[in-house]
Amino acid sequence: MIELVNRATGELLDTDSVPGLAEVAALLDERIEQLAEMVEELREGSDGTTGGAGGPVVWDALTPFEAQRTWRSLAAWVGWLRSRYPLAHRVPLCWWRHPELVEELTALWLAWQDAYTEKGASLTAGADWHGRWLPEFLRRIGAGGWNLACEGDHRPAVSSLYDANAVDNVDDFERAITAQDDQTTTTKGNRTMDDDQVQRAVDAGQAHAVGELPDSPVALDGEYWAREGDAWSPVTSAETITFLRDADRRMGLADQAVRDAETS
8 MIELVNRATG
18 ELLDTDSVPG
28 LAEVAALLDE
38 RIEQLAEMVE
48 ELREGSDGTT
58 GGAGGPVVWD
68 ALTPFEAQRT
78 WRSLAAWVGW
88 LRSRYPLAHR
98 VPLCWWRHPE
108 LVEELTALWL
118 AWQDAYTEKG
128 ASLTAGADWH
138 GRWLPEFLRR
148 IGAGGWNLAC
158 EGDHRPAVSS
168 LYDANAVDNV
178 DDFERAITAQ
188 DDQTTTTKGN
198 RTMDDDQVQR
208 AVDAGQAHAV
218 GELPDSPVAL
228 DGEYWAREGD
238 AWSPVTSAET
248 ITFLRDADRR
258 MGLADQAVRD
268 AETS
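Read left to right, the sequence shown gives residues 8 to 271 (the numbering used here).
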């Protein structure tokens, strides 16, 4: 019999009962999540001053954990920027309250990383950042189009300048894009696979399941396939594809974390 101990409490775990095994599984899931976060921190940089996300930052797509880390790193860099250059009055301390300024500073920050922290950066990249990106950033925020009226104190933005509606008529929009999707589907034809085809692709290493359940979606040739009745069809929903891509990435990180833990 294998004895397992809860490191947090020092208690011997029960591996002879279903509730005990459920507790072990829960602890393993928690550990895998922690390891995945550690791996992601190591991959993306956790230095707190210049460690950005290691790639494009789409704020709405970040998880709470990713967003918190990115906010702190960006704030540290903005503090450096305001102290390194005479920008105390050009970049107000309330920058984080202005969504357009957050996006502008994020872009400037990533351009700075590309010039100064990326391996293989051109020796002239720093000069390009000073000659192109920084002046252009200052020109845009000083042109008056970004609804910034703050000087010494924060002033709320004019709310009427913002509108969260995406289109003028949601029903007409949905009908239009549904018609386009139907036309595209008709043009491409009805592509399906059966269970045997999917299993052969998995066995050959050409595909992998995104999940542990028998009917979990499968990634194959840059597409995600899902079971629909007795057949498998490509996933066409952009929202679902985005979700599956993120889940696939996280499962890959968790698997890598487990392998690293086993070899350490």
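Glycine included, C-beta positions come from ideal geometry on N, C-alpha and C.
DSSP three-state assignment for Pro241, whether helix, strand or coil: Counting from one through the sequence shown, the residue named residue 241 turns up at place 234. The DSSP-derived three-state label of Pro241 is strand.
CA-to-CA distance, Asp262 to Pro224, given in whole angstroms: Sequence index remark: in the sequence shown, residue 224 carries index 217 (1-based). Sequence index remark: in the sequence shown, residue 262 carries index 255 (1-based). Rounded to the nearest angstrom, the two C-alpha atoms are 17 Å apart.
Cβ neighbour criterion (16 or more within 10 Å) applied to Trp66: The residue you call residue 66 lines up with position 59 of the sequence shown. Exposed is the call here.
DSSP-derived helix/strand/coil call for Ala60: Within the sequence shown, numbered from 1, the residue matching residue 60 stands at position 53. The predicted model places Ala60 with a pLDDT of 45, which falls under 50 and marks its position as unreliable; any figure quoted below should be read in that light. Coil at Ala60, not helix or strand.
Sequence-distant residues of its chain with Cβ nearer than 7 Å to Asp253 (five each side left out): As a position in the sequence shown, residue 253 is number 246, starting the count at 1. For Asp253, where only same-chain residues beyond five positions count, there are no Cβ hits under 7 Å.
Close beta carbons around Trp78, own chain, < 8 Å, minus the five adjacent residues each side: Here residue 78 refers to the residue found at position 71 when the sequence shown is read from its first residue. Counting only residues of its own chain and dropping the five nearest sequence neighbours on each side, Trp78 has a CB closer than 8 Å to the CB of Trp103.
Run of the beta strand (DSSP E) containing Val225, from where it starts to where it stops: Within the sequence shown, the letter at position 218 stands for residue 225. Run containing Val225: 225-227, per the beta strand (DSSP E) assignment.
Euclidean distance between Cα positions of His5 and Ile148: Outside the displayed range of the chain (8 to 271) lies residue 5, so it cannot be described from this structure.
Classification of Ser80 by the beta-carbon crowding that lies within 10 angstroms, buried from 16 upward: As a first step, residue 80 must be located in the sequence shown, where it is residue number 73. Note on Ser80: 16 or more other CB atoms within 10 angstroms of its CB, so buried under the neighbour-count rule.
Simplified DSSP assignment, three categories, for His215: Within the sequence shown, residue 215 is the residue found at index 208, counting from 1. In the structure shown, His215 sits in a strand (DSSP, three-state: E or B).
Outcome for Tyr231 when other beta-carbon atoms lying within 10 angstroms are tallied against a minimum of 16: What you label residue 231 is simply residue 224 of the sequence shown in a count that begins at 1. Around the C-beta of Tyr231, 16 or more other C-beta atoms lie within 10 Å, and the residue is accordingly described as buried.
Nearest-angstrom Cα separation, counted from Gln120 out to Ala268: Counting from 1 along the sequence shown, the entry for residue 268 is found at position 261. Counting from 1 along the sequence shown, the entry for residue 120 is found at position 113. Between Ala268 and Gln120, the alpha-carbon positions lie close to 30 Å from each other.
Leu145 to Leu69 span [Cα, whole Å]: Here residue 145 corresponds to residue number 138 of the sequence shown, with the count starting at 1. Here residue 69 corresponds to residue number 62 of the sequence shown, with the count starting at 1. Between Leu145 and Leu69, the C-alpha separation is close to 27 Å.
Ala208 classed as buried or exposed, judged by whether at least 16 other C-beta atoms fall within 10 angstroms: Stepping through the sequence shown from its first residue, residue 208 is reached at position 201. It counts as buried.
Option nearest Thr185 by Cα separation, candidates Ser244, Gln206, Ser240: By one-based count along the sequence shown, residue 185 stands at place 178. For Thr185, the nearest C-alpha among the options comes from Ser244.
DSSP state of Tyr231 mapped onto helix, strand, coil: Residue mapping note: residue 231 aligns to position 224 of the sequence shown, counting from 1. Assigned with DSSP and collapsed to three states, Tyr231 falls in strand.
Coarse secondary structure for Leu19, derived from DSSP in three states: On the sequence shown, residue 19 is found 12 positions in, with the first residue counted as 1. Three-state DSSP puts Leu19 in a strand.
Span separating the alpha-carbon of Gly229 from that of Arg256: One-based indexing of the sequence shown puts residue 229 at position 222. One-based indexing of the sequence shown puts residue 256 at position 249. So the two alpha carbons sit approximately 13 Å from each other.
Whether Gln213 touches Leu227 by CB criterion (8 Å): Your numbering for residue 213 matches position 206 in the sequence shown. Your numbering for residue 227 matches position 220 in the sequence shown. Going by beta carbons, Gln213 and Leu227 fall inside the 8 Å limit.
Status (buried if at least 16 other CB within 10 Å, exposed otherwise) for His105: Position 98 of the sequence shown, counted from the start, is the residue given in the question as residue 105. In the assembly as shown, His105 is a buried residue. Its beta-carbon has 16 or more other beta-carbons within 10 Å.
Beta-carbon gap between Leu100 and Leu94 smaller than 8 Å: Locating residue 100 in the sequence shown gives position 93, where the first residue counts as 1. Locating residue 94 in the sequence shown gives position 87, where the first residue counts as 1. For Leu100 and Leu94, no; Cβs fall outside 8 Å.
Of the listed residues Phe180, Val98, Ala122, Glu235, nearest to Trp140 (C-alpha basis): Here residue 140 refers to the residue found at position 133 of the sequence shown. Ranked by Cα distance from Trp140, the first of Phe180, Val98, Ala122, Glu235 is Ala122.
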